[in-house]
Every structure is written in structure tokens, then in C-alpha cells.
Amino acid sequence: MSNIKIIEERCSGCGKCISVCPFSAIRLKDKKAEILSNCNFCGACIEVCPQQAILMEEEKKEKDLSSYRGVWIFAEQREGKIMPVTYELLGVGRNLANSLGEELSALLLGENIKEQAHKLLYYDVDKVYLIESPLLKTYRTPFYTRAIVDLAREKKPEIILIGASSIGRDLAPRVATRLKTGLTADCTDLKIDKEKRNLVQIRPAFGGNIMATIISPYHRPQIATVRPKVMKKAIPGKISSGEVIEYEPRFTQEEGIIKVIDIIKEEKEVEDLQEADIIVSGGRGLGKPENFSLIRKLANLLGGAVGASRAVVDAGWIPSYHQVGQTGKTVQPKLYIACGISGAIQHQVGMRNSEVIVAINKDPCAPIFNIANYGIVEDLHKFLPVLIEKLEERKKLKV
Amino acid sequence: MEIIVCIKQVPDTEELHKVKINSETRTLIREGIKNIINPFDENAIEEALRLREKIGGRVTVISMGPPQAETSLRKALAMGVDRAILLSDKSFAGSDTLATSYTLAMAIKKLGKFDLILSGKQAIDGDTAQVGPGLAEWLNLPQITYARKIEVNEKKIRAERTLEDSFELVESPLPALITVTKEINEPRYPSLKGVLRARKEKIIIWTAKDLKINEKRTGLEGSATRVIKVFTPPSPSGGEIISGETSKVAENLIKKLEEHRII
Ligand SMILES: Cc1cc2nc3c(=O)[nH]c(=O)nc-3n(C[C@H](O)[C@H](O)[C@H](O)COP(=O)(O)OP(=O)(O)OC[C@H]3O[C@@H](n4cnc5c(N)ncnc54)[C@H](O)[C@@H]3O)c2cc1C
Ligand SMILES: Nc1ncnc2c1ncn2[C@@H]1O[C@H](COP(=O)(O)O)[C@@H](O)[C@H]1O
Numbered sequence: 000m001s002n003i004k005i006i007e008e009r010c011s012g013c014g015k016c017i018s019v020c021p022f023s024a025i026r027l028k029d030k031k032a033e034i035l036s037n038c039n040f041c042g043a044c045i046e047v048c049p050q051q052a053i054l055m056e057e058e059k060k061e062k063d064l065s066s067y068r069g070v071w072i073f074a075e076q077r078e079g080k081i082m083p084v085t086y087e088l089l090g091v092g093r094n095l096a097n098s099l100g101e102e103l104s105a106l107l108l109g110e111n112i113k114e115q116a117h118k119l120l121y122y123d124v125d126k127v128y129l130i131e132s133p134l135l136k137t138y139r140t141p142f143y144t145r146a147i148v149d150l151a152r153e154k155k156p157e158i159i160l161i162g163a164s165s166i167g168r169d170l171a172p173r174v175a176t177r178l179k180t181g182l183t184a185d186c187t188d189l190k191i192d193k194e195k196r197n198l199v200q201i202r203p204a205f206g207g208n209i210m211a212t213i214i215s216p217y218h219r220p221q222i223a224t225v226r227p228k229v230m231k232k233a234i235p236g237k238i239s240s241g242e243v244i245e246y247e248p249r250f251t252q253e254e255g256i257i258k259v260i261d262i263i264k265e266e267k268e269v270e271d272l273q274e275a276d277i278i279v280s281g282g283r284g285l286g287k288p289e290n291f292s293l294i295r296k297l298a299n300l301l302g303g304a305v306g307a308s309r310a311v312v313d314a315g316w317i318p319s320y321h322q323v324g325q326t327g328k329t330v331q332p333k334l335y336i337a338c339g340i341s342g343a344i345q346h347q348v349g350m351r352n353s354e355v356i357v358a359i360n361k362d363p364c365a366p367i368f369n370i371a372n373y374g375i376v377e378d379l380h381k382f383l384p385v386l387i388e389k390l391e392e393r394k395k396l397k398v
Numbered sequence: 000m001e002i003i004v005c006i007k008q009v010p011d012t013e014e015l016h017k018v019k020i021n022s023e024t025r026t027l028i029r030e031g032i033k034n035i036i037n038p039f040d041e042n043a044i045e046e047a048l049r050l051r052e053k054i055g056g057r058v059t060v061i062s063m064g065p066p067q068a069e070t071s072l073r074k075a076l077a078m079g080v081d082r083a084i085l086l087s088d089k090s091f092a093g094s095d096t097l098a099t100s101y102t103l104a105m106a107i108k109k110l111g112k113f114d115l116i117l118s119g120k121q122a123i124d125g126d127t128a129q130v131g132p133g134l135a136e137w138l139n140l141p142q143i144t145y146a147r148k149i150e151v152n153e154k155k156i157r158a159e160r161t162l163e164d165s166f167e168l169v170e171s172p173l174p175a176l177i178t179v180t181k182e183i184n185e186p187r188y189p190s191l192k193g194v195l196r197a198r199k200e201k202i203i204i205w206t207a208k209d210l211k212i213n214e215k216r217t218g219l220e221g222s223a224t225r226v227i228k229v230f231t232p233p234s235p236s237g238g239e240i241i242s243g244e245t246s247k248v249a250e251n252l253i254k255k256l257e258e259h260r261i262i
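Line order of the protein sequences matches chains F and H.
Residue 22 in numbering that gives the first Met the number 0 sits at position 23 of the first sequence, with consecutive numbering throughout.
Residue 247 in numbering that gives the first Met the number 0 sits at position 248 of the second sequence, with consecutive numbering throughout.
The structure is reproduced here in C-alpha cells:
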């Protein structure tokens, strides 16, 4: 068994290890460091210990992983339409496949979607595995898991990438657990360690306060879910080069004991947010719910969508599907205007990849200004009406 | 109805973001940060209590973690759950979601018959949202993730599952595993009576031996992933502050946006 321990004679009780431990797994007992059972063996403590008093031994496992080859991406579709995250996976998947010198394949599951499968071939993909069945029409955990696991057991891919959507994050842990392999959630950066052929997975944790680098050294396939709107989309080429390979699913109706009875669509606005080019967001600085009318007005004028911080969603000022951030949506518009939002890290992680960020906040020390391209230190009640007026004037002039 | 709720003790990340980064070493300063029940798990506890109030039964909370996780289990008892079990053993250390879900599954097998497992949609430390579905897989159960509403009748459960742009109304036979979002309810505060009871109540502690587990499947040994590095993201230096008279600032901003060809 792997082991980590403190060499007590060396430990000076300085506590440096405690402050770097991301898991709160070290405490001081009788002036000596003690490692608790929630230790994750990340080794952060070992690096900072001035006394070299921390010792870690990890059992070496040698496994032959060489029969696993190639990169797969899960091509998510809803109602027969390929979801945008699929193109992002094709983009990053291609880079990984090139670094490994292997093929890139897409996995498409659904009903009557041959045409979509052939369209995917224009995105520089070597193979599209197509599995069609009425049972795969809409996403259902058991059938999708079974189809992917069966194929992965047979073809042995090295890497499987899945979008970190509400579907992908439901599916990936089932697939990974059935294959008894590693899964890293919601990655924002992926690379290849060429020497060991490991997928180097980088992801935010602790609400974006820290980033972690994660590998699965002894397991294949290496599975990762990838945060939507972070990776660059693959661009379609003029020719289709690869091939579509059709595959028969092996499951039966009985395996899917969960029924989807209905799909409830709420207001259309929900879709708009993640695809919007411009987002105007409001936070607690608005003062009261009625003031969202200012945000709406500005958004309308710019042809954009309305976003919100969690504080105002929790306060019931606006429905939760407007929420941007760690527990809301990740967005990447061309323009993000944050009005009366402090810019807590949990909010930032959902919007910091926007092309241009404008922040309006009366507190010059608000953290949102750290990531804003243009900061405006003003009272929004004073500033927004003026901005709206100027934009309206400009519009009139243009017509 | 036998309900099991999986809860995790986590550092309060709301506290964490307030200045808790040492600018010199670029590492987190965690002193003084309190440990709490993962917020979504409180929603899971609340939902279990409401189901018990409606149709009767028993609620058991399980947590795998270091001995100090006991405080979170006591809080669950104070909220009103019937039993609290702590899975604690040195050999569980270093578990990733694969090993954690395995270990929880072994504990649930030891508990025997149950109708429903509830968990939070994700833990706010790792933010993985993988332990719930992983646990369902080990136990071969149907799962409904991201539920914002559930209804139980007879041997069936109906839930509204949250998708990006819609909600699915899903029906599953029991037993099943459901992960819940914060929209599902407002967790209660422990009553004074509850707090007093929780102080006296015994917390059941199970070790690796009690669970008859395969030691190769738990802890670091049973984990497929390795965290090889943690670092604080570089803090951006900020952009340009546009200042001056309000109408000039507005004009200036519009000009900038035009330069970016956004408007
Ligand atoms: C697990 C977890 C997950 C979370 N997930 C999310 C998430 O997904 N999204 C999210 O947004 N948050 C999230 N949060 C919450 C986050 O930490 C913050 O609490 C929240 O973002 C704050 O919202 P706010 O900026 O609107 O409010 P505040 O922090 O209160 O900021 C209001 C700002 O408005 C400014 N202001 C006040 N009056 C005016 C005025 N008249 N004119 C101009 N400016 C004014 C103030 O200076 C202040 O900076 C999460 C927290 C946790 C613990
Ligand atoms: N160590 C643990 N003990 C008990 N439950 C856990 C543990 N880790 C995770 N869970 C449960 O699984 C959910 C998802 O956690 P995670 O996959 O870590 O995001 C949490 O909300 C808990 O309900």
C-alpha cells in the first residue's frame, strides 16, 4: 500500500505544510505535523517542507497499456442536432491525437442521424463510430453507458473526451466506473506527456481558487469531461477524409428501467445565454429586483442576453437559469458587461474567457476589475442610464 | 422507506475566496477556514427528512472522511436524521471518486435493504459530481442526476432533472440514486432539541475491516487518478480604468467597443 509519513525527528512544527495542503489533511499535534486520512497524496507538502521531513512511498505498478490506442470524442447530440461542445472536443481531440501520432475518432449515438455522422467527417476526424437505435434517440444513462462501454472494451481507445454538460457529467462517471478507470471532471486544459503517453488534465477545484493537474498513470482509457466554451472549436474543411463505421448496439429494452416522461422547456431565454455574443449581467449592486429593467434595456439595445450573479438568483430577483458561474453557466461571449457584480472567484470562473469584459462597480477594489478589460468605477444607477441614452442616440444616427 | 444520504465535509469555499491566498508562495492559506457539510448535501438531507415526514421510514447519513468529519454528521443528526455512519480508516486516504464511490458502495451493501440513496449534485471542494453516479454504478442502480424536484409513490420515483435549456421529467423504479441541486428545497436549521440529541447520539464508525473491502479498490491504491500538482491560477493584472465625467466615460466606452468591432 502507498504510504505517506512524517519523520518526527526532523519535523520542526513550522506548519508550512499545513498552509499548502489543498485538502486540509495536515494538522499540528504536539508541535509535530500529522497527516490525516483525507490526504490525497498530491505531494504539495513535500515540496515546501524545509526539513525534508515528509516521506511518500508509492507502490509502483507496471501495467502494459500499449494495446490502447487513439483518441475518442463523444459527439453529443440533442434532438438530432450536434451540440456545440462536440466541435470543441474535435478541436482539442485533434491536437491530442497529433501529439500521440494516433487517430481521432468521434462517437455518435442516436436515431436517424447518419447525415450528421457524415457531416462530422468534415472536421478532420479519422473515424466516426455511429450507433443507431430508437433507444438512443434521447439521452438515457443505461443505454448510452452500455453502448460506449461495449465499444471501448472492443476497440480500446487511449483517451475518451466527453463534454461536461448535464448529459456528459451524468454519463462519464458511469462509463469510467464500469471500465474501472480514471475520470477527471470539467477540464479546462489538456495536454499530452509524450514520454509516458499520459493525458495531462488541468482543472479548477475549490471553486476556482486552485488549479489541479491530474493524470491516470496506470489506467486506460483515460477519460475526461471538458468544460464547454473553453476549448477552441474545430473548423470544418472542404473535404471529408475519414469514414463512418456503423455499429450494432447489443442492449435490450429491459435494461433501461428509467423512463423519460416529458421534456419541459421553459422560456426561450435559457438557450440564449450560452450562445449569446453579448451578455449584460446584474448583481447585488442593482439594489432591488426592479432595477433589472436597466440590465434588460441595455441587453436589448445591444442585442444581447441577460446574466446574473448567484447572489441575486438566491435572493429571488431573477430565475436561476440566468446565473453565470461555478454553479451556473459558463459563458464565453464577445462582450460581457458586469454591473454591480463584485467578481467573486465563483462568478469569474463562469465568464473570464469572454473576449471583452466591461465592469461597472462603485468599489474600485472589487475583484471584477482584475479581469475586466475596461473598468468603470461609478454608481451604476447613474452610469447605465447615460450609457443607454448614448447608445440610443448612436442607433438613431445609424438608421 | 429506507433512505440513505451521502454527505461530505468540505472547507467553506465562500470563505476561501476572501484574501486567502498567500501572495508570496501563491498557495492557499486555510487557517481559520471552517469545515461545513457540502451545501448540496444539506439539500439532500432536507429532502430525505421531508420524504420521511410524508411517508415514514428512516434516514441514515453516511460520510467517508477523517475523524473530524464527525462534526458534520452531528449536524445531520441535529437536523433530524436517524442514524449517522462515519467511514474512517487510514487505508481510505487518497481516494479519488472511483475509490470513494466503491467504499461508499461497500458500506451501503453492509447496511442491507434500502429504497433510495440521495447525494448532492457535487461537492464544492472537488466539484466533480462523479461520486453519485459512480456509486449508482457500483450498486447497479438507476440514477437521476441534477434533480430539482422529486416525488415518491409506491415503488416509483419521479424527478425533474435539470438540463442546460430544459427540464426532463423522469420516472424510475426504486431503489434508485438521486443527486439533488439547491433549487430542490431550503435546508432547515437544527432545532435546539435536535442539537441536544445530536450531542448524545452515538456515531457509528466503520473501518476497512468492518466493510470487508478489497483493499486494492480503496484509498490511493484503488484510485485511478493522481493529483500531481496544485497551483493557484495566475491573477490577471486588470485592464484599463475609464474615468472622467460620466457622459464622457460612456462615449469613451462606446468608442472602445466599436474598435473591438463588437457594436
Ligand atoms: C459553492 C459556491 C458556488 C457559487 N457559485 C456561484 C456562481 O455560479 N455564480 C456566482 O455569481 N456566484 C457564485 N457563488 C457566490 C459568490 O461567491 C458570490 O457570493 C456572488 O457571486 C456575489 O454576487 P454579487 O457580486 O452580485 O454580490 P456582492 O458580492 O454583494 O457584490 C455586489 C457588488 O456591487 C457593487 N455595488 C453596490 N452598489 C452599487 C452601485 N450602486 N453601483 C455600482 N456598483 C455597486 C458593490 O461594490 C459590490 O462589488 C458561489 C459560492 C459558493 C460558495
Ligand atoms: N467522502 C464522501 N462521503 C460521503 N459522500 C460523499 C463523499 N464524497 C462525495 N460524496 C457524495 O457525492 C456527491 C458528489 O461529490 P463529488 O463527486 O465529490 O463532487 C456529494 O455531494 C456527496 O453527496
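C-beta atoms are modelled at their ideal positions from N, C-alpha and C, and glycine is treated no differently.
Predicted model, so just to flag it, every value in this text is computed and none were measured.
Within chain F, the C-beta atoms nearer than 7 Å to that of H:Glu167 come from Val259 and Ile262, in chain order.
Residue pairing of H:Trp205 in beta bridges, as defined by DSSP: H:Leu86.
Here DSSP, grouped into helix, strand and coil, assigns F:Gln273 to helix.
Here F:Ala52 carries a coil assignment [DSSP, helix/strand/coil].
Chain H places no beta carbon closer than 8 Å to that of F:Glu87, leaving this residue out of the contacts. Close partners of F:Gln273 in chain H (Cβ separation under 9 Å): Glu163 and Asp164. When C-beta atoms of the region 290-306 of chain F are compared with those of the region 242-252 of chain F, fewer than three pairs fall below 8 Å, so the two segments do not count as touching. By the criterion of a C-beta distance shorter than 8 Å, H:Asn42 is surrounded in its chain by Gly119, Val179, Thr180, Lys181, Ile183, Asn184 and Pro186, once the five residues flanking it on both sides are discounted. With a 10 Å radius around the Cβ and a threshold of 16 neighbouring Cβ atoms, F:Arg226 comes out buried.
A straight-line Cα-Cα distance of about 20 Å links F:Glu101 and F:Lys62. DSSP places H:Lys155 outside any alpha helix (DSSP H); the residue lies instead in the beta strand (DSSP E), whose first and last residues are Lys155 to Thr161.
For H:Ser87, the C-beta contacts it makes with chain F under 9 Å involve Ser36, in order along the chain. By the 16-neighbour rule on beta-carbons within 10 angstroms, H:Pro174 is buried.
Going by DSSP, F:Gln347 is part of the alpha helix (DSSP H) stretching over Ile344 to Gln347.
Nearest CB-CB separation between F:Gly69 and chain H: not below the 8 Å threshold.
For F:Tyr335, no alpha helix (DSSP H) segment is defined; the enclosing uninterrupted segment is the beta strand (DSSP E) at Leu334 to Cys338. A straight line joining the alpha-carbon of H:Lys228 with that of F:Lys15 spans about 17 Å. Take the alpha-carbon of H:Arg216 and the one of F:Pro216: they are about 16 Å apart. DSSP, reduced to helix, strand and coil, places F:Glu75 outside both helices and strands of the structure shown, so it counts as coil.
For H:Met105, the enclosing alpha helix (DSSP H) begins and ends at Thr96 to Leu110. Sorting F:Gly282, F:Ala343 and F:Cys338 by C-alpha distance to the C-alpha of F:Ala314 places F:Gly282 at the top. For F:Gly167, DSSP assigns no beta-bridge partner whatsoever. At least one CB of chain H lies nearer than 8 Å to the CB of F:Leu334. A Cβ-Cβ separation of about 14 Å leaves F:Arg309 out of contact with F:Gly284 under the 8 Å criterion. Secondary-structure assignment with DSSP links F:Cys38 through no beta bridge to anything. Proximity of the beta carbon of H:Gly119 to ligand 2 is indicated: a heavy atom of the ligand is located closer than 7 Å. Each of H:Thr206, H:Ala68, H:Asn37 and H:Ala128 was checked against the Cα of H:Ile177, and the nearest Cα belongs to H:Ala128. With respect to chain F, the C-beta atom of H:Glu136 has a partner C-beta closer than 8 Å. Separation of the CB atoms of H:Val4 and H:Ile44 is rounded to 5 Å, and the pair is thereby assigned contact status at 8 Å. A straight-line Cα-Cα distance of about 25 Å links H:Ala146 and H:Ala77. Inclusion of F:Lys30 and F:Gly12 in the CB contact set at 8 Å is warranted, their separation being smaller than that value.
Spatial neighbours of F:Gly90 in its own chain (CB-CB distance under 7 Å, excluding positions within 5 residues in sequence) are listed in chain order as Met230, Lys231, Lys232 and Ala233. Under the 10 Å beta carbon count, F:Arg196 is surrounded by 16 or more other beta carbons and is classified as buried. With fewer than 16 neighbouring CB atoms inside 10 Å of its own CB, F:Gln51 falls in the exposed class. The shortest C-alpha to C-alpha distance from H:His259 to any of F:Gly167, F:Tyr335, F:Arg168 and F:His321 is the one to F:Tyr335.
Annotation for H:Ile212: Tyr101, Thr102 and Met105 place their beta carbon closer than 8 Å to its own, counting only its chain and skipping 5 residues before and after.
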